[in-house]
Structures are given as C-alpha cells and as structure tokens.
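All remarks here apply to the structure that follows.
There are 2 protein chains.
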Amino acid sequence: MPRRSVTSYDIAKAAGVSQSAVSRAFSPGAPIAAKTRERILNVAAEMGYQPNAIARSMSSARQDTHQKSGMVGVIVTRLEDPFFAHTIAHFSRHLQASGWHMLLFTVDNEVEVDGALNALMQYKVDSIIILSAILSKHMARVCRDQGTPVMLYNRGAEGLNVNSVQIENHEGGRIAADILREAGHERIAFVAGDPNDETSQGRAAGLAERLAEDGLEVFLHETGDYTFVGGREAGLRLFSRVERPDAVFCASDVMALGVLHAARHDLGLEAPRDFSLIGFDDIPAAAWPGHMLTTIRQPIRRMIREAVDIVIDQMNTPDQPPRVTRFSGALILRNTVRGAGPGST
Amino acid sequence: MPRRSVTSYDIAKAAGVSQSAVSRAFSPGAPIAAKTRERILNVAAEMGYQPNAIARSMSSARQDTHQKSGMVGVIVTRLEDPFFAHTIAHFSRHLQASGWHMLLFTVDNEVEVDGALNALMQYKVDSIIILSAILSKHMARVCRDQGTPVMLYNRGAEGLNVNSVQIENHEGGRIAADILREAGHERIAFVAGDPNDETSQGRAAGLAERLAEDGLEVFLHETGDYTFVGGREAGLRLFSRVERPDAVFCASDVMALGVLHAARHDLGLEAPRDFSLIGFDDIPAAAWPGHMLTTIRQPIRRMIREAVDIVIDQMNTPDQPPRVTRFSGALILRNTVRGAGPGST
DNA sequence: CTGAAAGCGCTAACAC
DNA sequence: GTGTTAGCGCTTTCAG
Numbered sequence: 001m002p003r004r005s006v007t008s009y010d011i012a013k014a015a016g017v018s019q020s021a022v023s024r025a026f027s028p029g030a031p032i033a034a035k036t037r038e039r040i041l042n043v044a045a046e047m048g049y050q051p052n053a054i055a056r057s058m059s060s061a062r063q064d065t066h067q068k069s070g071m072v073g074v075i076v077t078r079l080e081d082p083f084f085a086h087t088i089a090h091f092s093r094h095l096q097a098s099g100w101h102m103l104l105f106t107v108d109n110e111v112e113v114d115g116a117l118n119a120l121m122q123y124k125v126d127s128i129i130i131l132s133a134i135l136s137k138h139m140a141r142v143c144r145d146q147g148t149p150v151m152l153y154n155r156g157a158e159g160l161n162v163n164s165v166q167i168e169n170h171e172g173g174r175i176a177a178d179i180l181r182e183a184g185h186e187r188i189a190f191v192a193g194d195p196n197d198e199t200s201q202g203r204a205a206g207l208a209e210r211l212a213e214d215g216l217e218v219f220l221h222e223t224g225d226y227t228f229v230g231g232r233e234a235g236l237r238l239f240s241r242v243e244r245p246d247a248v249f250c251a252s253d254v255m256a257l258g259v260l261h262a263a264r265h266d267l268g269l270e271a272p273r274d275f276s277l278i279g280f281d282d283i284p285a286a287a288w289p290g291h292m293l294t295t296i297r298q299p300i301r302r303m304i305r306e307a308v309d310i311v312i313d314q315m316n317t318p319d320q321p322p323r324v325t326r327f328s329g330a331l332i333l334r335n336t337v338r339g340a341g342p343g344s345t
Numbered sequence: 346m347p348r349r350s351v352t353s354y355d356i357a358k359a360a361g362v363s364q365s366a367v368s369r370a371f372s373p374g375a376p377i378a379a380k381t382r383e384r385i386l387n388v389a390a391e392m393g394y395q396p397n398a399i400a401r402s403m404s405s406a407r408q409d410t411h412q413k414s415g416m417v418g419v420i421v422t423r424l425e426d427p428f429f430a431h432t433i434a435h436f437s438r439h440l441q442a443s444g445w446h447m448l449l450f451t452v453d454n455e456v457e458v459d460g461a462l463n464a465l466m467q468y469k470v471d472s473i474i475i476l477s478a479i480l481s482k483h484m485a486r487v488c489r490d491q492g493t494p495v496m497l498y499n500r501g502a503e504g505l506n507v508n509s510v511q512i513e514n515h516e517g518g519r520i521a522a523d524i525l526r527e528a529g530h531e532r533i534a535f536v537a538g539d540p541n542d543e544t545s546q547g548r549a550a551g552l553a554e555r556l557a558e559d560g561l562e563v564f565l566h567e568t569g570d571y572t573f574v575g576g577r578e579a580g581l582r583l584f585s586r587v588e589r590p591d592a593v594f595c596a597s598d599v600m601a602l603g604v605l606h607a608a609r610h611d612l613g614l615e616a617p618r619d620f621s622l623i624g625f626d627d628i629p630a631a632a633w634p635g636h637m638l639t640t641i642r643q644p645i646r647r648m649i650r651e652a653v654d655i656v657i658d659q660m661n662t663p664d665q666p667p668r669v670t671r672f673s674g675a676l677i678l679r680n681t682v683r684g685a686g687p688g689s690t
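Protein chains in written order, with our numbering: chain A, 1 to 345; chain B, 346 to 690.
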C-alpha cells in the first residue's frame with residue numbers, strides 16, 4: 001500500500017481552499033482570515049497533517065541566504081564524559097527552547113571533524129557548534145563562504161574568524177597554582193588531558209607561570225587522557241616514585257577523581273593529609289561526600305547560554321563579525337587542599 | 346552579497362554536462378561513464394560542491410513510501426545521567442557508522458514526548474528511537490500510519506505495536522534478591538527511581554517476588570529519583586531509622602552510589618560490613634576503586650547494536666512486524682555484598 | 001551513456 | 001484575503 005503522507009494539497013481539497021491558503025494557515029504572520037485559518041487547522045488536525053519541514057526549508061531556501069533548515073549541527077567528542085554529557089544536555093535544551101533542532105555528531109578524534117562538518121553542510125544546517133575540537137582552516141573557510149556561523153565551544157579560534165566561547169584556561173591554572181602555593185606546596189605535579197590540546201596546555205601554562213614566579217617548576221608532568229582510568233594510572237605513577245609530589249593539579253575532575261581513588265584505595269594515601277589535589281570543571285561527582293574535590297568550576301550554564309545566544313543572533317542577522325567570549329573559572333574550595341577547605345580559617 | 350550556495354547546475358555548466366549527469370555522478374549505482382563521473386567529481390571538489398541532502402530527500406520522497414531524509418530521531422530524558430550519556434554515545438556512533446544522522450531531542454518529562462515526536466515527524470525522519478520514555482497510543486498510531494518505525498529502548502511496548510529492546514527488569518530484581526538472600530539478609534530495602542515507571546517497578550517486583558518465596562517482604566521502600574542526590578537522601582532516611590535495613594537494592598547505580606557515599610561519609614557505615622548494597626546498570630563509576638559496587642550489568646553495547654540493527658532493517662525493508670527483544674542482566678560481583686565478592690570463596 | 005523534463009511539498013511574490 | 005504561479009536543488013523516468 002503506497003501510504004503517501006498527507007500534504008497541504010489534501011488539506012486544501014478537503015477544506016475547499018487553495019493550497020497556499022493552507023500554507024498561510026500554518027505561517028504565523030501570514031495574511032489570512034481568522035475564520036479560514038481556523039477551518040483549515042481543524043481539517044488538518046483531523047487528517048493528521050503536519051507541514052513538511054524539509055519541503056518548507058527547500059522553498060524558503062531561496063529567500064535570502066539564510067537557509068532555515070531549522071537545524072543546528074553539533075559536533076562533540078567523548079560524549080561519555082560527564083562534562084560533555086552535561087554540556088550537550090544544556091545545549092539541547094536551550095536550542096530546543098528557542099525552536100531549533102539539533103543534528104548531533106560524535107567524533108572519536110579530531111580528524112573526523114571535517115567529515116562530520118561536511119555531512120552537516122549537506123544538510124544545510126543553519127549553524128554549527130563544535131565542542132572541544134579544532135576546526136581546520138579549510139573548513140572554516142568553507143563555512144564562511146556558505147554563510148554558516150560556526151561556534152567553537154571550549155576552544156580558541158585564532159585566525160579562524162569564527163565565534164568562540166571558552167574558559168580562561170591559563171588563568172584557571174594560575175588560580176590552582178595560587179591556592180597550592182598558599183598551602184605551602186613545592187612539589188606540584190600536573191596531569192594533562194591530552195598534552196597536545198590547547199585546553200590542557202593552557203592550564204599547564206598557567207600553573208607553570210605562577211610557579212615560576214616563586215622560582216619553582218612543575219615538579220612532574222603526567223597524562224591522563226581525560227579519563228578516570230587515565231587519571232588513576234597517572235596517580236599510581238606519580239605516587240610510586242621515591243620522591244612523591246606533595247600536590248597534584250589535574251586538567252579535569254574525572255582525572256582528579258582517578259588520582260584520588262588511586263591514592264586512597266590503591267596506595268593508602270589520603271588528601272589533604274598526604275597530598276593536595278585540585279581538579280578542573282566541577283562535575284557533580286566532585287561534590288560527592290566521599291570526594292569533596294577542590295576544583296576550578298566552569299560556569300557552564302552561563303557559557304552555554306552565551307554560546308547559544310550568539311549563534312541564534314547570527315542566524316537571525318547574518319554577516320556579523322565573529323564574537324569571542326572568555327569566562328573565568330571559580331575556585332571551589334572543598335576538602336582536598338591542605339589548609340584550604342570550606343571550613344578553614 | 347547574495348552568496349547562493351553552489352548547486353549541481355553550476356557544476357554541470359563548469360563541467361560541460363547536463364545537471365542530471367552531475368546527479369548521477371554522486372549516486373553510487375547510477376549509469377554513467379567512469380570518465381564522465383571522474384571529471385564531474387573533480388570539478389565539484391574544486392568548486393566545493395556537496396549535494397544538498399535536503400533537496401535530495403525532497404525528490405526521492407516520492408519514490409515509494411520510505412522517505413529517506415537520512416535522519417533518525419532520538420528522544421531522550423535525563424541526558425546528564427551517565428547511563429544515558431553512554432547510551433546516546435553508542436547510538437550515535439552506530440547510527441553514524443551506518444550512514445544515518447541523529448536528530449536529538451531531550452525532554453524533561455513524559456508529557457513532552459508527544460511534542461518532540463511531532464517535530465520529528467515534520468522532519469520526516471526515517472525512524473524514531475525513544476529512550477526510557479513512554480509512547481502514547483495516539484502517537485504510536487500516527488507513526489504507524491506514516492510508516493515510521495519506532496523503537497522503544499528500555500521500555501516495553503505492550504499493545505503499542507512497536508519495536509522494543511529492553512533489559513529483563515523483573516529477572517534483574519530476582520538476581521539481586523538471590524544474592525542478598527544467599528548472604529543471609531532479611532531486612533532488604535529497595536530504592537526506586539521513579540516509583541511510577543515500569544523499569545523501576547519491574548525491578549521492585551522481581552525483588553519482592555523472590556523475597557516472598559522465602560516468606561519475606563521488602564523491608565522498606567524509598568525513592569531516589571534516579572539521581573545521586575536522591576539516592577543519598579534515600580540512604581540517609583533508610584539508615585537513620587531505629588531498625589535499619591541490612592541490605593539495599595537500588596534501581597540504578599547512581600542512586601546506589603548515593604547510598605554508599607551517604608552511609609560511608611555522612612553516617613560512618615561501611616559496606617559490606619554494616620550493610621550490603623547492590624545497584625543496577627554497571628556504570629563506569631561503579632567499578633572505581635573506592636566504590637567497587639556489586640551490581641546488575643546491562644549489556645548496553647549488545648542492546649544498542651540490536652536496537653540499531655532492527656531500526657535500520659526496518660528502514661530498508663518497511664512493513665515488517667515489530668520486534669521485541671529482551672536482554673538479561675548479569676550479576677557483577679564486587680565488594681558491596683557481604684560474603685560475595687570477587688575474592689570470596 | 002547522456003540530456004530533457006517532470007515532479008517532491010512548500011513558500012512567496014503577484015494579481016485579483 | 002485569496003488563488004495562481006514560479007521556483008528551492010535534487011532524483012528519476014523517458015527519449016535519443
């Protein structure tokens with residue numbers, strides 16, 4: 001049975017009007033008599049008609065240059081990471097609340113980004129948000145040529161001429177260094193996520209810079225791959241040395257939790273008694289009673305609202321210059337840094 | 346500047362062929378000379394042309410009834426929950442690997458599902474996957490009428506005539522009860538997620554059934570809202586009673602972790618010394634050294650593969666009867682149940 | 001193997 | 001206010 005879906009022509013016929021009347025009935029500001037609209041809407045409801053969004057975007061495409069597929073493409077890596085899961089959840093809600101739909105791509109590494117971008121462009125998404133991944137110069141140009149606004153979330157956009165919303169990584173590293181120095185630590189280790197990415201590097205640089213001011217260097221560098229397991233292994237390596245670090249700063253909370261669990265359960269070391277520990281992000285698990293991890297919080301709600309606002313604004317009025325916004329992280333004092341807890345003097 | 350995007354006509358002109366030749370060059374099986382195709386593809390690459398997926402789906406729409414937008418709609422609740430984040434991550438990867446794109450909707454409660462469904466239908470998605478949410482009889486009919494296959498993941502589909510992939514909740518509850526009874530527990534409490542949902546109810550029922558066989562009843566019922574905080578509060582309530590439960594079965598790991606942290610850090614109670622604890626799902630955090638939570642594992646990789654396979658199969662060959670698959674959970678013995686650890690005799 | 005031509009379902013001028 | 005008429009960019013017969 002060729003179950004062709006019901007179109008505006010079917011409704012037109014049934015309601016005894018022209019097809020364009022049906023179209024108008026479904027377009028908010030369109031010139032149409034209230035009574036006509038009502039009748040059409042009734043017939044439509046009865047016959048289970050819904051305007052075809054694809055066809056709609058096809059025809060309005062020509063209008064001016066903004067294509068109005070009604071979709072924004074989102075590219076994300078490591079969705080299983082709680083930090084990203086939260087981020088996507090917020091993006092999704094904000095976008096939906098403003099009437100936009102999200103076409104989601106997950107990529108496993110940076111090289112896949114271009115492919116995802118291409119697919120997204122084929123769908124004529126009205127805008128693209130890229131989470132924690134780089135954008136090639138080439139694709140940045142392609143997007144600009146198409147007039148598709150791009151938002152780099154959690155990554156800088158130097159020389160790319162696209163929007164970006166990010167946390168102040170360098171500053172965050174300094175804040176962490178500060179509190180650790182205040183607590184009197186001298187052998188401070190750093191656990192990177194991916195040592196090659198900008199985020200991790202910025203945090204490391206901030207730490208190093210602040211330590212240098214006291215004539216110190218980062219005591220040890222480790223890599224934790226942005227995962228709990230990676231953090232745990234880094235912690236094991238760090239604390240198995242004859243000369244142990246007396247403090248650890250991790251580029252993310254998940255890794256810091258890995259270090260904490262490793263120290264506590266594999267090695268019998270306790271924070272802040274035996275070492276101080278500080279993370280980055282402030283994921284929910286950081287606040288669990290058994291963790292109480294001191295960390296640098298990213299104001300993700302505000303950051304995402306800003307990112308979505310920029311993107312929506314640019315979809316509505318194209319050809320704006322790209323905007324770059326940076327947010328500061330806030331030190332959240334909990335119990336893993338010596339002498340600096342919520343209940344300390 | 347009216348930056349119209351480059352179309353197949355532009356390529357046709359530049360390559361000195363007809364527009365339909367360009368179309369054929371981009372359609373795998375189409376009749377076209379290899380040399381012609383190559384030339385076209387080159388020109389296209391040079392001019393940065395990509396076929397417009399929207400337009401493509403518009404025209405192939407008529408074909409037969411399967412609309413081929415190339416998108417599958419996914420509706421999810423509580424994306425911030427690690428369990429769902431993982432699930433979505435896997436769905437996304439599998440779908441992408443098979444060339445499908447994911448239009449994602451997050452909903453905050455069951456009543457929003459119908460709205461999301463409507464939006465999805467407007468985009469003519471080729472199929473719909475609903476995670477842990479119910480489907481109204483009405484929308485089930487609408488989808489069937491349109492010929493859009495629907496997959497209920499983690500929810501049953503009685504009388505709905507749609508596909509479903511789910512875990513054996515009742516059986517899982519029994520397994521939990523079994524191991525707890527073996528350990529000699531008698532005052533076994535249950536922490537529900539949402540006491541009204543089928544998932545939680547199934548697990549509770551399995552527990553109750555097994556206990557009844559020993560002449561026991563569920564000692565106490567609590568609700569944890571499927572969150573860590575909810576679990577923690579439930580734990581606090583449970584263990585503050587004069588007569589404490591000696592074991593707790595939680596409808597999800599996150600809640601079980603809440604109970605564990607509450608007991609350990611708020612109350613000074615330790616598992617399995619003072620009580621036994623068992624969760625459901627086997628999220629990564631359950632295996633963290635400081636947790637080592639005994640739990641019922643959902644084989645989510647297999648489950649998702651199955652769900653995706655069914656959905657893809659039905660998109661390719663429509664009008665199949667709906668399929669329902671149930672998976673069994675596996676008991677993962679770790680250290681929170683008395684006398685039943687990986688290292689126990 | 002290739003080009004011409006007819007739509008897919010809708011929106012947006014343009015007349016009436 | 002309403003109907004008529006072109007397209008949006010592509011796929012797909014249908015001739016040649």
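Here a beta-carbon is modelled for each residue, glycine too, at the ideal position from N, C-alpha and C. Owing to the predicted nature of the structure, the values given are computational and were not obtained by experimental measurement.
Open item on the list: Pull the bridge partners of M151 of chain A from the DSSP assignment, please.
Closed with: In the first sequence, the residue the question calls residue 151 of chain A occupies position 151. Per DSSP, A:I129, A:N163.
Task: Proximity test, Cβ basis, 8 Å: W445 of chain B and chain A - done: Counting from one through the second sequence, the residue named residue 445 of chain B turns up at place 100. Chain A contact via Cβ: absent.
Open item on the list: Considering Cα atoms alone, identify which of A:D319, A:E186, A:G279, A:A271 is closest to R215 of chain A.
Closed with: For the purposes of this step, residue 215 of chain A is taken as residue 215 along the first sequence, with counting starting at 1. The sequence as given places Gly at residue 215 of chain A; Arg does not occur at that position. The residue with the shortest Cα to Cα distance from G215 of chain A is A:E186.
Task: Sufficient close CB pairs (3 or more, under 8 Å) joining the region 445 to 454 of chain B to the region 415 to 422 of chain B - done: Look at the beta carbons and you see the region 445 to 454 of chain B touching the region 415 to 422 of chain B: at least three pairs across the two are nearer than 8 Å.
Task: Closest residue to S585 of chain B among B:G575, B:C595, B:L614 (Cα-Cα distance) - done: As a working mapping, residue 585 of chain B is identified with position 240 in the second sequence. The shortest C-alpha separation from S585 of chain B is found at B:L614.
Task: Test item: CB-CB of T87 of chain A and L131 of chain A under 8 Å - done: Mapped onto the first sequence, residue 87 of chain A falls at position 87. Mapped onto the first sequence, residue 131 of chain A falls at position 131. Their beta carbons are under 8 Å apart, which means T87 of chain A touches L131 of chain A by this criterion.
TODO: For D281 of chain A, decide whether its Cβ has a neighbour in chain B, counting only Cβ atoms nearer than 8 Å.
DONE: Taking the first sequence and counting its residues from 1, the one referred to as residue 281 of chain A is at position 281. No, because no Cβ of chain B sits closer than 8 Å to the Cβ of D281 of chain A.
- [ ] Let me know if G339 of chain A comes out buried or exposed under the rule of 16 or more other beta-carbons within 10 Å of its beta-carbon.
- [x] Numbered from 1 along the first sequence, position 339 holds the residue referred to as residue 339 of chain A. With fewer than 16 other Cβ atoms from the protein chains shown falling within 10 Å of its own Cβ, G339 of chain A counts as exposed.
Task: Minimum C-alpha distance to V456 of chain B - residue among B:R500, B:F428, B:I479 - done: Locating residue 456 of chain B in the second sequence gives position 111, counting from the first residue. Selected option, being the one with the closest Cα: B:I479.
Open item on the list: Determine, for L79 of chain A, whether the minimum Cβ-Cβ distance to residues of chain B falls below 8 Å.
Closed with: Walking along the first sequence from the start, residue 79 of chain A turns up at place 79. It does; some Cβ of chain B falls within 8 Å.
Task: C-beta contact flag for L331 of chain A and I179 of chain A at 8 Å - done: Within the first sequence, residue 331 of chain A is the residue found at index 331, counting from 1. Within the first sequence, residue 179 of chain A is the residue found at index 179, counting from 1. Yes; because the gap between Cβ atoms is below 8 Å, this pair is in contact.
Task: Buried or exposed (CB count within 10 angstroms, at least 16 for buried), R155 of chain A - done: Indexing the first sequence from 1 puts residue 155 of chain A at position 155. Here R155 of chain A is buried, its C-beta having at least 16 other C-beta atoms within 10 Å.
Open item on the list: Three or more C-beta pairs under 8 Å: does that hold for the region 199 to 211 of chain A against the region 362 to 370 of chain B?
Closed with: no
Task: Own chain, CB closer than 7 Å to A30 of chain A, minus 5 neighbours either side, in chain order - done: Taking the first residue of the first sequence as position 1, residue 30 of chain A is located at position 30. Contacts found: R24.
Open item on the list: In whole angstroms, give me the CA-to-CA distance for K413 of chain B and A400 of chain B.
Closed with: For the purposes of this step, residue 413 of chain B is taken as the residue at position 68 of the second sequence. For the purposes of this step, residue 400 of chain B is taken as the residue at position 55 of the second sequence. Roughly 11 Å between the two C-alpha positions.
Open item on the list: What does DSSP give as the partner residue(s) for R671 of chain B in the beta ladder?
Closed with: In the second sequence, counting from the first residue as 1, residue 671 of chain B sits at position 326. Within the DSSP bridge table, the entry for R671 of chain B names B:Q511 as partners.
Open item on the list: Would you say D266 of chain A lies against chain B (beta-carbon separation less than 8 Å)?
Closed with: Counting from 1 along the first sequence, the entry for residue 266 of chain A is found at position 266. Taking Cβ atoms only, chain B reaches closer than 8 Å to D266 of chain A, which makes this a yes.
Task: Beta-carbon proximity list for I167 of chain A, same chain, < 6 Å, skipping 5 on both sides - done: Within the first sequence, the letter at position 167 stands for residue 167 of chain A. Within the same chain, I167 of chain A has close Cβ partners Q298, F327, G329.
Task: N335 of chain A versus H291 of chain A: straight-line alpha-carbon distance, rounded - done: Sequence index remark: in the first sequence, residue 335 of chain A carries index 335 (1-based). Sequence index remark: in the first sequence, residue 291 of chain A carries index 291 (1-based). As the crow flies, the alpha-carbon of N335 of chain A is around 8 Å from that of H291 of chain A.
Task: Spatial distance of S689 of chain B from E651 of chain B (CA atoms) - done: Taking the first residue of the second sequence as position 1, residue 689 of chain B is located at position 344. Taking the first residue of the second sequence as position 1, residue 651 of chain B is located at position 306. Because the pLDDT of S689 of chain B is 47, which lies under 50, any placement of that residue in the model is unreliable, and the question is left without a value.
Open item on the list: Short of 9 Å Cβ to Cβ, which residues in the region 464 to 477 of chain B face chain A?
Closed with: A464, L465, M466, Q467, Y468, K469
TODO: Give every residue of the same chain whose Cβ lies closer than 6 Å to the Cβ of V367 of chain B, excluding the five residues on either side of it in the sequence, and list them in chain order.
DONE: Within the second sequence, numbered from 1, the residue matching residue 367 of chain B stands at position 22. Only S353, I356, A357, I385 meet the Cβ criterion.
TODO: Identify whether M637 of chain B lies in helix, strand or coil by the three-state DSSP scheme.
DONE: In the second sequence, the residue the question calls residue 637 of chain B occupies position 292. Here M637 of chain B sits in coil by DSSP.
- [ ] Kindly identify the DSSP beta-bridge partner or partners of R642 of chain B.
- [x] Locating residue 642 of chain B in the second sequence gives position 297, counting from the first residue. The partner list for R642 of chain B (beta bridge, DSSP) reads B:D626, B:A675.
Task: Buried versus exposed, by CB contacts within 10 Å (16 or more), K124 of chain A - done: Numbered from 1 along the first sequence, position 124 holds the residue referred to as residue 124 of chain A. With 16 or more other Cβ atoms within 10 Å, it is buried.
TODO: At 3 residues or longer, and completely inside the region 160 to 223 of chain A: list those beta strand (DSSP E) runs for me, N to C.
DONE: As far as the region 160 to 223 of chain A is concerned, its whole beta strand (DSSP E) runs of at least 3 residues are 163 to 167, 188 to 192, 220 to 223.
- [ ] Put I399 of chain B into one of helix, strand or coil per three-state DSSP.
- [x] Taking the second sequence and counting its residues from 1, one reaches residue 399 of chain B at position 54. Reduced to three states, the DSSP call for I399 of chain B is helix.
- [ ] Confirm, please, whether the CB-CB distance from Y571 of chain B to V599 of chain B is below 8 Å.
- [x] Counting from 1 along the second sequence, the entry for residue 599 of chain B is found at position 254. Counting from 1 along the second sequence, the entry for residue 571 of chain B is found at position 226. Going by C-beta atoms, V599 of chain B is nearer than 8 Å to Y571 of chain B.
Open item on the list: As a quick exercise: from A:R323, A:R301, A:D319, pick the residue whose alpha carbon is nearest that of I310 of chain A.
Closed with: Mapped onto the first sequence, residue 310 of chain A falls at position 310. Of A:R323, A:R301, A:D319, the residue nearest in Cα terms is A:R323.
TODO: Using a Cβ-Cβ cut-off of less than 8 Å, list which residues of the region 136 to 148 of chain A approach chain B; keep chain order.
DONE: V142, D145, Q146, G147
- [ ] Look at the alpha carbon of V487 of chain B and the alpha carbon of D114 of chain A, and state the distance between them as a whole number of angstroms.
- [x] Within the second sequence, numbered from 1, the residue matching residue 487 of chain B stands at position 142. Within the first sequence, numbered from 1, the residue matching residue 114 of chain A stands at position 114. Distance between the alpha carbons of V487 of chain B and D114 of chain A: 37 Å.
Open item on the list: Can you tell me whether V662 of chain B is buried or exposed? The criterion is at least 16 other CB atoms within 10 Å of its CB, across all chains shown.
Closed with: Against the second sequence, residue 662 of chain B aligns to sequence position 317. Note on identity: in this sequence residue 662 of chain B is Thr, with Val being the wrong assignment. Under this definition T662 of chain B is an exposed residue.
TODO: Would you check if the distance between the CB atom of P634 of chain B and the CB atom of A271 of chain A is smaller than 8 Å?
DONE: By 1-based counting over the second sequence, the position of residue 634 of chain B is 289. By 1-based counting over the first sequence, the position of residue 271 of chain A is 271. Cβ atoms of P634 of chain B and A271 of chain A: not closer than 8 Å.
- [ ] Per DSSP, which residues does H101 of chain A bridge with? Please list them.
- [x] Within the first sequence, residue 101 of chain A is the residue found at index 101, counting from 1. H101 of chain A pairs with A:M71.
TODO: Could you spell out where the beta strand (DSSP E) holding F249 of chain A opens and where it closes?
DONE: Within the first sequence, residue 249 of chain A is the residue found at index 249, counting from 1. It spans 247 to 250 - the beta strand (DSSP E) in which F249 of chain A sits, taken as one unbroken run.
Task: C-alpha distance - A89 of chain A paired with P427 of chain B, whole-angstrom precision - done: As a first step, residue 89 of chain A must be located in the first sequence, where it is residue number 89. As a first step, residue 427 of chain B must be located in the second sequence, where it is residue number 82. When rounded, the distance between both Cα atoms is 12 Å.
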